[in-house]
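J.: In the working numbering, the protein residues as written are 499 to 651.
(1) Looking at the strands, I want to know which residues DSSP matches up with residue 503.
(2) Could you have a look at residue 639 and say whether DSSP puts it in helix, strand or coil?
(3) Would residue 599 and residue 534 be called neighbours here (beta carbons separated by less than 8 Å)?
(4) Taking a contact to mean a Cβ-Cβ separation below 8 Å, would you say residue 573 touches residue 553 in this structure?
(5) Got a sec, what are the start and stop residues for the alpha helix (DSSP H) residue 583 sits in?
(6) Please return the same chain residues whose Cβ sits closer than 7 Å to the Cβ of residue 654, not counting the five positions on each side in sequence.
(7) How long is the line joining the alpha carbons of residue 506 and residue 636, rounded to whole angstroms?
(8) If you reduce the DSSP assignment to three classes, tell me which class residue 559 lands in.
(9) Alpha carbon to alpha carbon, how far is residue 509 from residue 583? Give it in angstroms, no decimals.
(10) What residue does the alpha helix (DSSP H) around residue 610 start on, and which one ends it?
(11) What separation, rounded to the nearest whole angstrom, lies between the Cα atoms of residue 587 and residue 566?
(12) Exposed or buried, what is residue 623 when buried is set at 16 or more other beta-carbons lying within 10 Å of its beta-carbon?
(13) DSSP state of residue 630, grouped into three classes?
(14) Measure the C-alpha to C-alpha separation of residue 606 and residue 592 and round it to an integer number of angstroms.
(15) Can you give the Cα-Cα distance for residue 632 and residue 545, rounded to whole angstroms?
Written out as structure tokens, the structure is:
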């Protein structure tokens, strides 16, 4: 990734393509594909985190803990982007109460966004991410380095 130096603030920043999640080793497609697999396992009453980690490429180093981390990060992004996404999708039935299990909340978003547990949903996720980025000029998932520093715009 190309990094640049802001001469005014003496800080570095990078310009990332929208299909990447800042500070994640895997792309949006890989993360979301794995979460859709996990959702399918969860719907069948099985362990979504473990099932998804077993089904992806064994050389990928994906663990149940990593799938759980991805689910939390994606839910954070979807919650943060809820108002903007609500302009494009019907998100009225999504609950975000602390009493709702993470997979249940994710399932509400996935269904509202047109995802299916059986599919990887790559084109739909990329359309969603591009649409959000075009509307806000920000990432839906993750924060780039320039947004992690409090005093940098």
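Don't be surprised by glycine CBs; every beta carbon is placed ideally from N, CA and C.
T.: According to the structure data:
(1) Beta-bridge analysis with DSSP links residue 503 to 510.
(2) Three-state result, residue 639: coil.
(3) No; because the gap between Cβ atoms is not below 8 Å, this pair is not in contact.
(4) If you check the CB distance, residue 573 and residue 553 do not come in under 8 Å.
(5) Segment 580-583, the alpha helix (DSSP H) holding residue 583.
(6) Only positions 499 to 651 of the chain appear in this structure, which leaves residue 654 out of reach.
(7) Between the alpha carbons of residue 506 and residue 636 lies a gap of roughly 22 Å.
(8) Residue 559 sits in coil when the DSSP states are folded into three classes, being neither helix nor strand.
(9) In a straight line, the C-alpha of residue 583 is about 31 Å away from that of residue 509.
(10) Segment 600-610, the alpha helix (DSSP H) holding residue 610.
(11) Between residue 587 and residue 566, the C-alpha separation is close to 25 Å.
(12) The residue is buried, with at least 16 neighbouring Cβ atoms inside 10 Å.
(13) In the structure shown, residue 630 sits in a helix (DSSP, three-state: H, G or I).
(14) The straight-line gap from Cα to Cα measures roughly 5 Å.
(15) If you draw a straight line from the Cα of residue 632 to the Cα of residue 545, it comes to about 35 Å.
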